[in-house]
Amino acid sequence: ISGKMRNIFKICLLFFIGLALTGNTYGKSLYWDHINSDIYILPDSSVRVQEELGYVFDGAWNGGYREIDTTKLDGVSDIEVWEGPIRYRENRRLNLHEFSVADQGNKTMIKWRSRDPNDAPYQQTAKTFITKYTVQGLPTYHKKYDEIYWKAIFEDRSGVVSQVKVRVHFPTKVNAEDLRINLFTGITGATWQVVNPYVVEFSGNNLEPYQLFEIKLDFPKGIVTPVLSLKHFLRRYVPLPTLFMIPLLTL
């Protein structure tokens with residue numbers, strides 16, 4: 022009996038070793054060679070965002086996703102996904118070269134498919150996608166200046182971003198001395214510069230997984246037309262306990 026038990030133990034051991042080796046061989050990993058984001062502040066206070074996402078896939082990945090936090094926004098619209106000259110089509114079924122959009126509470130989730138599940142897994146494959154979308158309710162209006170505060174590079178990443186570049190575009194000329202610019206990130210050596218009267222650029226290398234890259238710009242009044250944002254109004258002028266009472270008052 023003891024001999025049989027030893028044989029069973031050996032068989033089980035070989036099985037789990039083989040399973041582990043198989044898992045390592047067909048495991049999945051990814052990182053971003055680069056992420057470039059262009060943020061266009063429009064005169065009507067909406068903001069058009071274009072993100073170039075340079076993935077490097079290894080394994081059976083089927084595509085990518087972009088999660089946008091809408092807690093402080095009024096909406097996200099006009100969403101597009103591109104891969105080179107291929108414009109993805111919106112479809113909930115999420116077939117090859119399609120994308121889907123779902124509202125998940127305080128988040129908008131964009132998913133897209135770049136590989137058919139029946140195709141061979143990626144092997145250190147570089148894929149560049151471009152996401153485009155319009156954000157409403159991003160600017161905050163103060164008495165003497167207006168402001169945008171934006172998570173320019175999303176934090177829900179399990180991989181490194183080798184190179185980061187973010188450009189903010191103004192619709193009219195802005196004097197550098199009239200701007201207040203802040204960059205919040207853990208990257209050593211990350212920088213920002215005023216490229217010209219229309220553009221401010223932020224950059225850095227080796228953004229670690231889940232590490233933030235947030236920007237804050239204060240700019241002169243008159244560049245954008247203020248638009249009433251219910252979320253901004255409630256957050257600034259209505260006490261927090263009152264917010265919890267509003268549903269009760271409407272019953």
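Residue numbers (the numbering used here): 22 to 272.
Positions of the beta carbon are idealized from the N, C-alpha and C atoms, including for glycine.
The structure presented is a predicted model; accordingly, all values stated were derived computationally and were not measured.
Which listed residue (the options) has its alpha carbon closest to that of residue i
i: PHE175; options: LYS165, PHE205, LYS148 and PRO192; result: PHE205
i: ILE107; options: PRO160, GLU119 and LYS172; result: GLU119
i: PHE240; options: ILE169, ALA211 and THR152; result: ILE169
i: GLY225; options: PHE234, ASN127 and LYS49; result: PHE234
i: SER250; options: LEU159, ILE244, HIS190 and GLY80; result: LEU159
i: PRO218; options: LEU200, VAL181, ASN227 and THR212; result: LEU200
i: SER135; options: GLN125, HIS190, VAL77 and SER98; result: VAL77
i: ILE100; options: ARG69, PRO138 and PRO247; result: ARG69
i: ASP177; options: THR161, ASN139, GLN232 and ILE208; result: GLN232
i: LYS194; options: LYS242, LYS165, TRP213 and ASN139; result: LYS242
i: GLY96; options: GLN157, GLN145 and GLY75; result: GLN157
i: TYR162; options: LEU94, ILE56, VAL248 and LEU74; result: VAL248
i: ILE60; options: LYS165, VAL182 and HIS190; result: HIS190
i: LEU94; options: ASP140, TRP171, LYS164 and ASN139; result: TRP171
i: GLU198; options: VAL185, GLN184, VAL182 and LEU238; result: LEU238
Own chain partners of residue i with C-beta closer than 6 angstroms, once the 5 adjacent residues on each side are dropped
i: MET130; result: GLU88 and ALA123
i: SER121; result: ARG113, LEU115 and LYS132
i: SER58; result: GLU72, ALA173 and VAL187
i: ASN127; result: THR91 and THR92
i: TYR109; result: VAL102, HIS118, GLU119, PHE120 and TRP133
i: TRP213; result: ILE202, LEU204 and PHE223
i: VAL182; result: TRP53, ILE56 and LEU228
Rounded distance between the beta-carbons of residue j and residue i, thought under 8 angstroms
i: ARG188; j: VAL220; result: 6 angstroms
i: TRP82; j: PHE150; result: Not really, about 12 angstroms apart at Cβ, beyond 8 angstroms.
i: TYR52; j: GLY180; result: 4 angstroms
i: PRO192; j: LEU63; result: 6 angstroms
i: ASN227; j: ILE208; result: 7 angstroms
i: PHE223; j: ILE244; result: At roughly 19 angstroms, the Cβ-Cβ gap does not stay under 8 angstroms, so PHE223 and ILE244 are not in contact.
Residue environment, residue i, which counts as buried when at least 16 other CB atoms sit within 10 Å
i: GLY105; result: exposed
i: TYR86; result: exposed
i: ALA147; result: exposed
i: TYR143; result: buried
i: ARG154; result: Here residue 154 is Tyr; the residue named in the question, Arg, does not match the sequence. By the neighbour-count rule (16 or more Cβ atoms within 10 Å), TYR154 is buried.
i: SER66; result: buried
i: LEU42; result: Summary for LEU42: the model assigns pLDDT 37, below 50, so the residue's position carries little reliability; its value from the coordinates is reported in the next sentence. So LEU42 counts as exposed.
i: THR152; result: buried
i: GLY84; result: buried
i: ASP167; result: buried
Chain-order list of residues whose beta-carbon lies under 7 angstroms from that of residue i (same chain, five-residue window excluded)
i: GLY80; result: TYR47, GLY48, LYS49, SER50, PRO142 and TYR143
i: ASP137; result: LEU117
i: GLN145; result: VAL77 and ASP79
i: THR246; result: PRO64, ASP65 and SER66
i: GLN125; result: none
Beta-carbon contacts of residue i that lie in its chain and below 8 angstroms, excluding the five residues immediately before and after
i: LEU74; result: TRP53, ILE56, GLY85, ARG87, THR149, PHE150, ILE151 and THR152
i: GLU111; result: ILE100, GLU119, PHE120, SER121 and VAL122
i: SER98; result: TYR154, THR155 and GLN157
i: LYS165; result: LYS242
Near the ligand SAM: residue i beta-carbon under 7 angstroms from a heavy atom
i: VAL70; result: For the structure depicted, the ligand SAM is absent and the ligand set is empty, with no information on it obtainable.
Practice task
Mind listing, in chain order, the continuous alpha helix (DSSP H) runs of no fewer than 4 residues lying wholly within the segment 203 to 251?
Solution key: Inside the segment 203 to 251, DSSP marks no whole alpha helix (DSSP H) run of 4 or more residues.
Practice task
With a floor of 3 residues, list each beta strand (DSSP E) that falls wholly inside the segment 40 to 92, ordered by position along the chain.
Solution key: For the segment 40 to 92, whole beta strand (DSSP E) runs of length 3 or above, ordered along the chain, are 50 to 62, 68 to 80 and 84 to 90.
Exercise for the section: List in chain order: all unbroken beta strand (DSSP E) runs of 3+ residues lying wholly within the segment 147 to 202. Expected result: 166 to 174 and 182 to 190
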